[in-house]
Amino acid sequence: MASTPTLARNLTWAMVALALALVCRAGTPARADEKSDLISKIEDLLEDAADALERLPGDSGTDAIGYADRYVRDARSQADNLARVAGDDSTARRIAEGFRDTQDDWNDAAGYLRLLKGGLKRHDQTVKLCAEKDKELTAKAETYRAADDPDGLTELPRLATAAREVVERELGELARHDDRLEDLVDDADDFRGDGPWGDLTSMVDRVADAMYGQWQRDLEQTRRGCEALMRGPDHPVVRETLSRLGSSAGGRKAIIEQLRNDTRALASALANVSEDSGMGSLERAKSLLDNIDRGIQNLARNATTDKETKVIVEKWPEGVRQLREAMDDLEDLKRHQRDMDPLPDRCRQKEAELRDAVSRNGDDPDGIDELPKIAEALAAPVRAGMAKADERLRENDSDLGRAKALSFAEAEWNSVRDAGQRDADETHRTFADGHKKTVEACAEIMLGGNGKIVNEAVNRLRSRAAETGDSLDREVARWVESARATYILDCKAMETMWQAYCGTDFEPGEDGEDERARQTAASLQSEMQGKMGPLLRDLESLRPRILELIKKRQTKARGESLLADVKKEEARLNRLQDRGVWRGQNNPMTQYANRYGEERHQAEWSSHGCRVPVTATSVAIFGSGAHTKPDCIAVSSSSCQIIEFKPDSPRAKDDGSDQLAAYAVSVPRYYERFLKSGEPDSGYGDKAFIEDVRRYCVRDGQLKFETKLVPYRMCEKQYVCE
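Going by the numbering used here, the first residue of the sequence shown is number 293, and it counts up by one from there.
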């Protein structure tokens, strides 16, 4: 029988085992309860956040957003706890794993709400401004009325107009502020969250709409408070004061005197329009015409039998109407008056470019075909510009007829009519003279390939070619072309190399060049070398004929040029007959890779929306050092990228990464100088490109570009001759 101590020990261990078994059996339900509790806590905290945010529209500040944010942060802590115990529970995992992203969206929405709340009182300064301006204008009107001062008849309309302009600018700023607030509401409404976020998502929408609704009501009330000032001289107090002042004989006399002064000043302003370097005289004429119109209205407010007053009130409005219409057309004439001035010099510059091209071409017979092409390229924009200039001249002719259609003649208006018609003629004459000078200056360049400059140059080249024996030129050209063809892969050879390099079931290049590609390269090399001997023998029959040209003074330069061409190729052929020099760029495998890579670069450039370099074959250089020529800079509303195209190999991609690291510094550094104003050189993007850089590539005040490595496979696209 066991002893008592032993029995006690056995009993103790049995109790421990029983307790552990109970704990293990209860473990699974306990973890399920824990997940449910955590989800409930998250839901409660986010509901509390929504309740706190609901107070925002009525609060004087933004504390409600802070309270709501604290609840969201507490919910985030519970979500982190939930992530640790979620296990395979899909609901728990979805809530926990999605919380961080939704919280980021909440932070954005909270920022928009703060800005929206902070902008709701912007109308206060407008209300204050309108009240002050109205008070000032009313006080002035009362002063003039109390003193029965006829000066008020001219001063009050001016003061009322000035006040209206100030208020117009302020209301314009207020309208732009309204647009910004509306954008903030839209941004806040973009906040979305499912599951426990539902109440807070709805509350963000409600408080944003509520605050903007209150703003709209305040804005409308503010505009109504400024309505009287927006009437300008028709402000009720101003209109009443003008009516009282104008009802007296002294008042009418003051108005009439001012009308006549303004009419004389109007004639003077119109007389200066054509000589003005800008639009100042025309704007002054418009302002004076507005003054005259208001003066007539002031006289018309009170019935009178005064003959002079009746003539002005009954007849002058027609003069105002006619002149307004005429001045619209005079403004068009003035706006285009100097359009033609720079064009003759531009045509002379293009003509100089054409002459320079002829000079650079020298005796090269290629100019027979190339010079007309150059001339046509220079002529194309000039022809388009002259077509627009011709259309503008026709429009100006019509504008002139309407600008001179002023028929009203009454007292001082005779001088107004005469000044307007004379100046319209002069303004139009400036454009017409400029058009004539442009036609004369551009006549030669507009002929393009049929112009005198090109015809004389082409005729000279043809005569020169005949003198020097164009048959020899052609023979030498064919020989040089054949010589070059022996060591440069032609299209068919490229096809052959592709089939050898890529036309196998396995992936070549992983363990070095495959045997088939090497054999093909060797075969092409042998074929090239086989053609070199006959070419060198052919040269021996050409050389004496070239030397004969050099002996003649008239053809010496041409002969020396031909001899230099053949010597260059002769030296290369002699060198390449040695198999040991078929390395580097001379190796057919290297030529294939270079040429295929060049064509793939051009294809990738086109397919990735590249805007710099500006063409698939041009380059743009940024900074200094080993890496200065990015393959592609693509800018759009969705991304700003520096892209490098590389063969799909570890070494090439490593090189590409090094290049992109350099470009990530040098490219932004170059364009930063144009963020505020200016445009880069034409090879670095056009005006639209730099505007897109400013619009889409600046974040947090910094110019930023992403970098992207785009690999291409050497065998992805079969090389086919077209």
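C-beta: ideal position from N, C-alpha, C; glycine also.
**Request:** Following the continuous alpha helix (DSSP H) through F981, name the residue where it begins and the one where it ends.
**Result:** Your numbering for residue 981 matches position 689 in the sequence shown. Per DSSP, the continuous alpha helix (DSSP H) segment holding F981 begins and ends at 979–988.
**Message:** Going by DSSP in three states, L995 sits in which element: helix, strand or coil?
**Reply:** One-based indexing of the sequence shown puts residue 995 at position 703. Three-state result, L995: strand.
**Request:** Tell me where the beta strand (DSSP E) around P939 begins and ends.
**Result:** What you label residue 939 is simply residue 647 of the sequence shown in a count that begins at 1. Where P939 is concerned, the enclosing beta strand (DSSP E) stretches over 932–939.
**Item:** Exposure of N399, with buried meaning 16 or more beta-carbon neighbours within 10 Å
**Value:** Within the sequence shown, residue 399 is the residue found at index 107, counting from 1. Under a 10 Å Cβ-count criterion, N399 is classified as exposed, with fewer than 16 other Cβ atoms of the shown protein chains found around its own Cβ.
**Request:** Name the one or two DSSP bridge partners that I925 has.
**Result:** Start at 1 with the first residue of the sequence shown, and residue 925 comes out as number 633. Residue pairing for I925: DSSP places it in a beta bridge opposite V904, I934.
**Contact belief for D655 with L753 at Cβ below 8 Å, rounded distance in angstroms** = For the purposes of this step, residue 655 is taken as the residue at position 363 of the sequence shown. For the purposes of this step, residue 753 is taken as the residue at position 461 of the sequence shown. The Cβ separation is near 7 Å, so the contact holds.
**Message:** Only counting the same chain, and skipping five residues up and downstream in sequence, which positions put a Cβ closer than 7 Å to that of H628?
**Reply:** In the sequence shown, residue 628 corresponds to position 336, counting from 1. Here the set comprises R684, N688, F723.
**Prompt:** So, is M571 buried or exposed, given that buried needs 16 or more other C-beta atoms within 10 angstroms?
**Reply:** As a first step, residue 571 is located in the sequence shown; it is residue number 279 there, counting from the start. Classification of M571: exposed, given that the 10 Å Cβ count is below 16.
**Asked** Tell me the DSSP bridge mates of Y1004?
**Response** Taking the sequence shown and counting its residues from 1, the one referred to as residue 1004 is at position 712. Under DSSP, Y1004 forms a beta bridge with P939.
**Request:** Confirm, please, whether the CB-CB distance from G411 to L473 is below 8 Å.
**Result:** One-based indexing of the sequence shown puts residue 473 at position 181. One-based indexing of the sequence shown puts residue 411 at position 119. Yes. Within cutoff.
**Cβ separation of I737 and A671, assumed to be a contact under 8 Å, to the nearest whole Å** = Working through the sequence shown from its first residue, we reach residue 737 at position 445. Working through the sequence shown from its first residue, we reach residue 671 at position 379. That belief holds up - the Cβ atoms of I737 and A671 are roughly 6 Å apart, short of 8 Å.
**Item:** Whole runs of the alpha helix (DSSP H) within the segment 502–548, excluding any shorter than 4 residues
**Value:** Entirely contained in the segment 502–548, the alpha helix (DSSP H) runs reaching 4 residues are, in chain order, 519–522, 528–538.
**Prompt:** Measuring CB to CB, does N583 end up less than 8 Å from D624?
**Reply:** Residue 583 sits at position 291 when you count from the first residue of the sequence shown. Residue 624 sits at position 332 when you count from the first residue of the sequence shown. With respect to the 8 Å criterion, N583 and D624 are not classified as neighbours on the basis of their beta carbons.
**Asked** DSSP three-state call for G570: helix, strand or coil?
**Response** Translated into positions along the sequence shown, residue 570 becomes position 278. Per DSSP, reduced to three states, the secondary structure at G570 is coil, with no helix or strand assignment.
**Request:** Go ahead and pull the three-state DSSP assignment for Q641.
**Result:** The sequence position of residue 641 within the sequence shown is 349, counting from 1. Reduced to three states, the DSSP call for Q641 is helix.
**N742, buried or exposed, once every other Cβ within 10 Å from all chains shown has been counted against 16** = Numbered from 1 along the sequence shown, position 450 holds the residue referred to as residue 742. Here N742 is exposed. Its C-beta has fewer than 16 other C-beta atoms within 10 Å.
**Request:** Out of F966, I745, P349, state which residue places its alpha-carbon closest to the alpha-carbon of Q506.
**Result:** Here residue 506 refers to the residue found at position 214 when the sequence shown is read from its first residue. Q506 has its Cα closest to that of P349, out of F966, I745, P349.
**Message:** For Q614, which residues in the same chain have their Cβ closer than 8 Å to its Cβ, ignoring the five residues on either side in sequence?
**Reply:** If you number the sequence shown from 1, residue 614 lands on position 322. If you ignore the 5 residues before and after Q614, its C-beta comes within less than 8 Å of the C-beta of A697, L698, S699, F700, all in its own chain and listed in chain order.
**Asked** Which value, in whole angstroms, describes the spacing of the CA atoms of E465 and A433?
**Response** On the sequence shown, position 173 is the one that residue 465 refers to. On the sequence shown, position 141 is the one that residue 433 refers to. If you take the alpha carbons of E465 and A433, they lie about 28 Å apart.
**Message:** Taking the alpha carbon of G917 as the reference point, which residue from D830, L558, V957 has its own alpha carbon closest?
**Reply:** In the sequence shown, counting from the first residue as 1, residue 917 sits at position 625. By alpha-carbon distance to G917, the top candidate from D830, L558, V957 is V957.
**Asked** CA-CA distance, A775 and E852?
**Response** Counted from its first residue, the sequence shown places residue 775 at position 483. Counted from its first residue, the sequence shown places residue 852 at position 560. The straight-line gap from Cα to Cα measures roughly 19 Å.
**Prompt:** Can you tell me the Cα-Cα spacing of D585 and V612, whole angstroms?
**Reply:** Working through the sequence shown from its first residue, we reach residue 585 at position 293. Working through the sequence shown from its first residue, we reach residue 612 at position 320. Approximately 7 Å, taken between the alpha carbons.
**Request:** Could you check what DSSP says for L412 in three-state terms: helix, strand or coil?
**Result:** The residue given as residue 412 occupies position 120 in the sequence shown. If DSSP states are grouped into helix, strand and coil, L412 belongs with coil.
**Prompt:** In this structure, does DSSP put L698 in helix, strand or coil?
**Reply:** Indexing the sequence shown from 1 puts residue 698 at position 406. DSSP, read as helix, strand or coil, puts L698 in coil.
**Message:** Tell me whether the segment 413–428 and the segment 372–389 touch, counting them as touching only if at least three CB pairs, one residue from each stretch, are closer than 8 Å.
**Reply:** The segment 413–428 makes no contact with the segment 372–389: fewer than 3 CB pairs, one atom from each, lie closer than 8 Å.
**Message:** Rounded to the nearest angstrom, what separates R376 and M495 at their Cα positions?
**Reply:** To locate residue 376, count along the sequence shown from 1; it is residue 84. To locate residue 495, count along the sequence shown from 1; it is residue 203. Per the coordinates, the alpha-carbon of R376 lies some 30 Å from the alpha-carbon of M495.
**Prompt:** So what's S910 in DSSP terms, helix, strand or just coil?
**Reply:** Translated into positions along the sequence shown, residue 910 becomes position 618. Three-state DSSP puts S910 in coil, outside helix and strand.
**For Q614, the first and last residue of its enclosing alpha helix (DSSP H)** = In the sequence shown, residue 614 corresponds to position 322, counting from 1. Per DSSP, the continuous alpha helix (DSSP H) segment holding Q614 begins and ends at 599–627.
**Message:** To test your reading of the DSSP string, which unbroken alpha helix (DSSP H) runs of 4 or more residues are found completely within the segment 337–399?
**Reply:** As far as the segment 337–399 is concerned, its whole alpha helix (DSSP H) runs of at least 4 residues are 355–377.
**Message:** DSSP three-state label for P960, please.
**Reply:** Working through the sequence shown from its first residue, we reach residue 960 at position 668. Helix, per DSSP.
**Prompt:** Is the distance from the Cβ of S931 to the Cβ of E998 below 8 Å?
**Reply:** Taking the first residue of the sequence shown as 1, we reach residue 931 at position 639. Taking the first residue of the sequence shown as 1, we reach residue 998 at position 706. For S931 and E998, yes; Cβs fall inside 8 Å.
**Message:** According to DSSP, simplified to helix, strand and coil, what is H727?
**Reply:** Reading the sequence shown from its first residue, position 435 is the one you call residue 727. It is helical.
**Request:** Quick one: using the 10 Å Cβ neighbour count with 16 as the cut-off for buried, is T909 buried or exposed?
**Result:** Position 617 of the sequence shown, counted from the first residue, corresponds to residue 909. That one is exposed.
**Asked** If we call anything under 8 Å between Cβ atoms a contact, is D497 one with D471?
**Response** Numbered from its first residue, the sequence shown carries residue 497 at position 205. Numbered from its first residue, the sequence shown carries residue 471 at position 179. No, the pair does not count as a contact, with Cβ atoms beyond the cut-off.
**Item:** Of the residues D631, A367, P905, A360, the one placed nearest D725, counting alpha carbons only
**Value:** On the sequence shown, residue 725 is found 433 positions in, with the first residue counted as 1. Looking at the Cα atoms, D631 is the closest of the given residues.
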